[in-house]
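Novice:
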Amino acid sequence: MSILSIEAEHELTQSVLSHVDKLVEARVDQLREFPYKKKADLKRELSINEAYYKKLVVAGLREVILEEGDKTVWVSKKQLEQLMDQLAE
């Protein structure tokens, strides 16, 4: 004889599966690489001076500030490298 009815067992299974799905989704989100890097770090990493950086901004480099009042500027490394390639041509 089963302790749970078939309906209760089904509900419990669905609840557990839903919880596992949420945990897996949260873990995948954690592992996804953040597409932006700090402007200062990228300039240092790629040895870019301020004058050349300004040319990249004029060419369309998008700068992002994540929080209001925050002075940290974030840029997409992928977009920055694409613009550098275009300017090099």
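Here the sequence shown stands for residues 1341 to 1429, where the numbers follow my numbering.
Even glycine gets a Cβ: it sits at the ideal position worked out from N, Cα and C.
Every value quoted in this text rests on a predicted model; they were computed, and no experiment measured them.
1. What would DSSP say about K1411, mapped onto helix, strand or coil?
2. Only counting the same chain, and skipping five residues up and downstream in sequence, which positions put a Cβ closer than 7 Å to that of Q1419?
3. Looking at C-alpha atoms only, which residue of M1424, I1346, K1362 is the closest neighbour of S1387?
4. Could you tell me how far apart the beta carbons of K1379 and W1414 are, in whole angstroms, since I believe they sit closer than 8 Å?
5. Quick check on the burial criterion: 16 or more other C-beta atoms within 10 angstroms. Buried or exposed for L1371?
6. Would you mind sorting L1427 into buried or exposed? The rule is 16 or more other CB atoms within 10 Å of its CB.
Specialist: The relevant details are as follows:
1. Working through the sequence shown from its first residue, we reach residue 1411 at position 71. Three-state result, K1411: coil.
2. Here residue 1419 corresponds to residue number 79 of the sequence shown, with the count starting at 1. Cβ neighbours of Q1419 beyond the five flanking positions: L1401, R1402.
3. Taking the first residue of the sequence shown as position 1, residue 1387 is located at position 47. Comparing C-alpha distances from S1387 to each of M1424, I1346, K1362 shows the shortest one belongs to M1424.
4. The residue labelled residue 1379 in the question sits at position 39 within the sequence shown. The residue labelled residue 1414 in the question sits at position 74 within the sequence shown. Indeed they touch by this definition, with Cβ atoms about 7 Å apart.
5. Sequence index remark: in the sequence shown, residue 1371 carries index 31 (1-based). L1371 should be labelled exposed.
6. Along the sequence shown, read from residue 1 onward, the residue named residue 1427 stands at position 87. L1427 should be labelled exposed.
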